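Data block below; observations after.
Protein chains: 2
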Amino acid sequence: MGVVIPIEDRLPGKPSIEPLVELVQADMKRVNQLILSKAGSDVSMIPEVANHLISSGGKRLRPMLTLAASQMCGYSGEGHVVLATAVEFMHTATLLHDDVVDESDMRRGRPAARKLWGNQASVLVGDFLLGQAFRMMVDVGVMECLSILSDAAAIIAEGEVMQLAAAKNMNTSEADYLAVIRAKTAALFSAAAEVGPVLSQRPRDEQAALKTFGINLGFAFQLVDDALDYGGSSAALGKNVGDDFREGKITLPVLLAYGRGTEDDRAFWRRCLQDGAIGADDLGAAIGRLSRARAIEDTIERAAHYGGLAKDALGAFRDGPHKRALTEVVDFCIARVN
Amino acid sequence: MGVVIPIEDRLPGKPSIEPLVELVQADMKRVNQLILSKAGSDVSMIPEVANHLISSGGKRLRPMLTLAASQMCGYSGEGHVVLATAVEFMHTATLLHDDVVDESDMRRGRPAARKLWGNQASVLVGDFLLGQAFRMMVDVGVMECLSILSDAAAIIAEGEVMQLAAAKNMNTSEADYLAVIRAKTAALFSAAAEVGPVLSQRPRDEQAALKTFGINLGFAFQLVDDALDYGGSSAALGKNVGDDFREGKITLPVLLAYGRGTEDDRAFWRRCLQDGAIGADDLGAAIGRLSRARAIEDTIERAAHYGGLAKDALGAFRDGPHKRALTEVVDFCIARVN
Numbered sequence: 018m019g020v021v022i023p024i025e026d027r028l029p030g031k032p033s034i035e036p037l038v039e040l041v042q043a044d045m046k047r048v049n050q051l052i053l054s055k056a057g058s059d060v061s062m063i064p065e066v067a068n069h070l071i072s073s074g075g076k077r078l079r080p081m082l083t084l085a086a087s088q089m090c091g092y093s094g095e096g097h098v099v100l101a102t103a104v105e106f107m108h109t110a111t112l113l114h115d116d117v118v119d120e121s122d123m124r125r126g127r128p129a130a131r132k133l134w135g136n137q138a139s140v141l142v143g144d145f146l147l148g149q150a151f152r153m154m155v156d157v158g159v160m161e162c163l164s165i166l167s168d169a170a171a172i173i174a175e176g177e178v179m180q181l182a183a184a185k186n187m188n189t190s191e192a193d194y195l196a197v198i199r200a201k202t203a204a205l206f207s208a209a210a211e212v213g214p215v216l217s218q219r220p221r222d223e224q225a226a227l228k229t230f231g232i233n234l235g236f237a238f239q240l241v242d243d244a245l246d247y248g249g250s251s252a253a254l255g256k257n258v259g260d261d262f263r264e265g266k267i268t269l270p271v272l273l274a275y276g277r278g279t280e281d282d283r284a285f286w287r288r289c290l291q292d293g294a295i296g297a298d299d300l301g302a303a304i305g306r307l308s309r310a311r312a313i314e315d316t317i318e319r320a321a322h323y324g325g326l327a328k329d330a331l332g333a334f335r336d337g338p339h340k341r342a343l344t345e346v347v348d349f350c351i352a353r354v355n
Numbered sequence: 018m019g020v021v022i023p024i025e026d027r028l029p030g031k032p033s034i035e036p037l038v039e040l041v042q043a044d045m046k047r048v049n050q051l052i053l054s055k056a057g058s059d060v061s062m063i064p065e066v067a068n069h070l071i072s073s074g075g076k077r078l079r080p081m082l083t084l085a086a087s088q089m090c091g092y093s094g095e096g097h098v099v100l101a102t103a104v105e106f107m108h109t110a111t112l113l114h115d116d117v118v119d120e121s122d123m124r125r126g127r128p129a130a131r132k133l134w135g136n137q138a139s140v141l142v143g144d145f146l147l148g149q150a151f152r153m154m155v156d157v158g159v160m161e162c163l164s165i166l167s168d169a170a171a172i173i174a175e176g177e178v179m180q181l182a183a184a185k186n187m188n189t190s191e192a193d194y195l196a197v198i199r200a201k202t203a204a205l206f207s208a209a210a211e212v213g214p215v216l217s218q219r220p221r222d223e224q225a226a227l228k229t230f231g232i233n234l235g236f237a238f239q240l241v242d243d244a245l246d247y248g249g250s251s252a253a254l255g256k257n258v259g260d261d262f263r264e265g266k267i268t269l270p271v272l273l274a275y276g277r278g279t280e281d282d283r284a285f286w287r288r289c290l291q292d293g294a295i296g297a298d299d300l301g302a303a304i305g306r307l308s309r310a311r312a313i314e315d316t317i318e319r320a321a322h323y324g325g326l327a328k329d330a331l332g333a334f335r336d337g338p339h340k341r342a343l344t345e346v347v348d349f350c351i352a353r354v355n
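For the record, the sequence lines run as chains W and E. Okay, so the first sequence: first residue is 18 according to the working numbering, each after it adds one. Okay, so the second sequence: first residue is 18 according to the working numbering, each after it adds one.
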């Protein structure tokens, strides 16, 4: 008699975002429709600028967190689609303003909106999307969700200013750096996940669990992003490797290499990041110095640490496809770097 | 026997903002305290930038509208102070972003924040103040006020983009221009006044009346501002006369002069505003052409028309010090130009 041997339908090993994508697919289709409709305006420059960025193929990780968290909490209404769209608009507004602040030329492998329509349009369309995000939150009408998301909006901006103030300053500590990424990245991941149980009127412990999940996933995501800025390939990252270096951003890889380096290393980092005196070969030299200090590996090791905290936070939930997909997406975010 | 003759304690004729200032003085003191506290942050650049603009002596007309409307509606809570602060933060955020968009060097007679801290800080601190404004609205916890103010936030941004798209375009119609100022200026005046009766749970007709009052006061205010940009003195206006001219902004005085002008006039306006080819004597020449077309007088005449609508809207309210002060402030806004 033959024995049925289960065939693994996905290759083992490489973690994937696909299980999450499949779970939220139907809701995400409605998010995408709402994005197009809420980015619409009789003022044609608004949908032009907004759609340039929105259609450029970001992963939409943040709205997927809202959808998956809501589904995992058994939510059955429409509010999660609206809040997921609001979260994506908050993120898009931040990107538009970031490009102006960083004077970026590229975003997601395409020219930044500010290069095509000017800084003015990027600032104002960002403001419009933020206004639309708040309108959508008001439409949902759950005051605690408004509170969580408006807190995030103020904290994100505070984190961006903190980063601006810390730029070109080699005296930044690892604690300062973590405070910046907690505010500029982890706050929105956290809010995106936390509104799911709030919408679903689930107990406080599930809300706290998804909030913790989001914060730690945000830390892991940003640390990997910062490592990718020195290690990924331009095509994979969708923006130019070395952006942070050229902008004088003090990220963890740099802080580790600086802290562990010789006097010569320190002089190099000060010249490049503090004084902005960067020559043609300096990005290559920077990557070499980061490698000798094991700075990229240890940045990723720290990302994995936060990833572990994120996965543990899901212990509050019973096993099921959503918990498994959210767990895998943590590993996926970290594995981006390989 | 002597007869007591009442002595007029203010000079007749010149309308004043003082009666309004006096009525809201006690509440305004608390608004000012809340402004300082909510513009505070451990990130020192935030209060520095915010306070530079906040302390530069704007009239705080918008928050005064919220306070006076609430008082006139008999409101007895604390929410009006918080919403008035939120309104002022929305306005301040807009000014910070406007300066970046317009590349302004001066604001309220002082160097614009962007000249002192850079465009980046102006964009991000504006975002922070907007986030804080939403947090304060959430603190008040009245969903309809959130709805009115978040609508205004999106509409203001839409109006600013509309203005950007219309810049340097002499085919702008008077209707286009009115749509811009309705969105960029009148929407916030309107929202600032409308939240008063909503907070106070007054009937719909009082809400509609104060909304109409705010819209029309906003129109009058902006029309006078646009006239002042060609007619006021630099000291009185607190910014450089001719800013709109140099930025290629198509405002009503220009539209009137263009529409009424000769071929030579039209060629002049196209060269200056559309092509941006402005010589040293051209601002003076522009003022001369506006004068010959009676464009400034008629802009003010239109402002007075909207002012009349604003004053009539107050017919829904019984006579009293608040109604009188709000009526006088309409005349004050228009008389700024003399």
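All C-beta atoms in this analysis are idealised placements derived from N, C-alpha and C, irrespective of residue type, glycine included. Keep in mind it's a predicted model, so treat the numbers as computed, not measured.
What does residue i reach in chain E if we use C-beta pairs closer than 9 Å?
| i | result |
| --- | --- |
| L216 of chain W | None at all; the shortest Cβ gap to chain E is about 16 Å. |
One question on the structure: do residue i and residue j come within less than 9 Å of each other, judged by their Cβ atoms?
| i | j | result |
| --- | --- | --- |
| A274 of chain E | R306 of chain E | yes |
| H108 of chain E | R79 of chain E | yes |
| L84 of chain E | V48 of chain E | yes |
| H339 of chain W | L40 of chain W | yes |
| L181 of chain W | M62 of chain E | yes |
| F236 of chain W | A192 of chain W | no |
| L216 of chain E | V140 of chain E | no |
| F145 of chain E | S58 of chain E | yes |
| A169 of chain W | L133 of chain W | no |
| L269 of chain W | V347 of chain W | no |
| A244 of chain E | I317 of chain E | yes |
| A302 of chain E | G278 of chain E | no |
| A171 of chain W | G332 of chain W | no |
| I267 of chain W | M187 of chain W | yes |
| L290 of chain W | G259 of chain W | no |
| L343 of chain W | A103 of chain W | no |
| V212 of chain W | L240 of chain W | no |
| F349 of chain W | M89 of chain W | no |
What is the C-beta distance between residue i and residue j, in whole angstroms, given that I count them as a contact (C-beta under 8 Å)?
| i | j | result |
| --- | --- | --- |
| D118 of chain E | E177 of chain E | Strictly speaking, residue 118 of chain E in this sequence is Val, with Asp absent from that position. V118 of chain E to E177 of chain E, Cβ: 7 Å. Contact. |
| A330 of chain W | T229 of chain W | 4 Å |
| E95 of chain W | I52 of chain W | With a Cβ gap of about 15 Å, E95 of chain W and I52 of chain W do not count as contacting. |
| L112 of chain E | G231 of chain E | With a Cβ gap of about 19 Å, L112 of chain E and G231 of chain E do not count as contacting. |
| G148 of chain E | A174 of chain W | 5 Å |
| M154 of chain W | C162 of chain W | 6 Å |
Quick one: give me the first and last residue of the alpha helix (DSSP H) that residue i is part of.
| i | result |
| --- | --- |
| L343 of chain W | P338 to A352 |
| K228 of chain W | R221 to G248 |
| Y92 of chain W | Premise fails: Y92 of chain W is in no alpha helix (DSSP H) and is neither H nor E. |
| G305 of chain W | D299 to R309 |
| C162 of chain W | M160 to A183 |
| I52 of chain W | E35 to K55 |
| T316 of chain E | A312 to A330 |
| N68 of chain W | M62 to I71 |
| S139 of chain E | N136 to V157 |
| D261 of chain W | D260 to E264 |
| D193 of chain W | E191 to I198 |
| F334 of chain W | No alpha helix (DSSP H) contains F334 of chain W, which DSSP labels as neither H nor E. |
Name the chain W residues whose beta carbon is nearer than 7 Å to that of residue i?
| i | result |
| --- | --- |
| F151 of chain E | F151, S167 and A170 |
| G148 of chain E | S167, A170, A171 and A174 |
| S164 of chain E | V155 |
For residue i, go through chain W and note every residue whose CB falls closer than 8 Å to its CB, in chain order.
| i | result |
| --- | --- |
| V178 of chain E | S58, V60, M62, I63, A138, L141, V142 and F145 |
For residue i, which residues does DSSP report across the bridge?
| i | result |
| --- | --- |
| R127 of chain E | E:R124 |
Closer than 9 Å by beta-carbon distance: list the chain W residues that pair up with residue i, in chain order.
| i | result |
| --- | --- |
| G235 of chain E | Chain W residues near G235 of chain E: none, gap ~17 Å exceeds 9 Å. |
| A203 of chain E | In chain order: nothing, as chain W lies at least about 16 Å away. |
Run through chain E and tell me which residues come within less than 8 Å of residue i, C-beta to C-beta.
| i | result |
| --- | --- |
| H114 of chain W | V140, L141 and D144 |
| A182 of chain W | V60, S61 and M62 |
Which residues of chain B have a Cβ atom closer than 8 Å to the Cβ of residue i, listed in chain order?
| i | result |
| --- | --- |
| G158 of chain E | Among the protein chains of the structure shown, namely W and E, there is no chain B. |
Starting from the beta carbon of residue i, find every residue of chain E whose beta carbon is closer than 7 Å, and list them in chain order.
| i | result |
| --- | --- |
| V118 of chain W | Q137, V140 and L141 |
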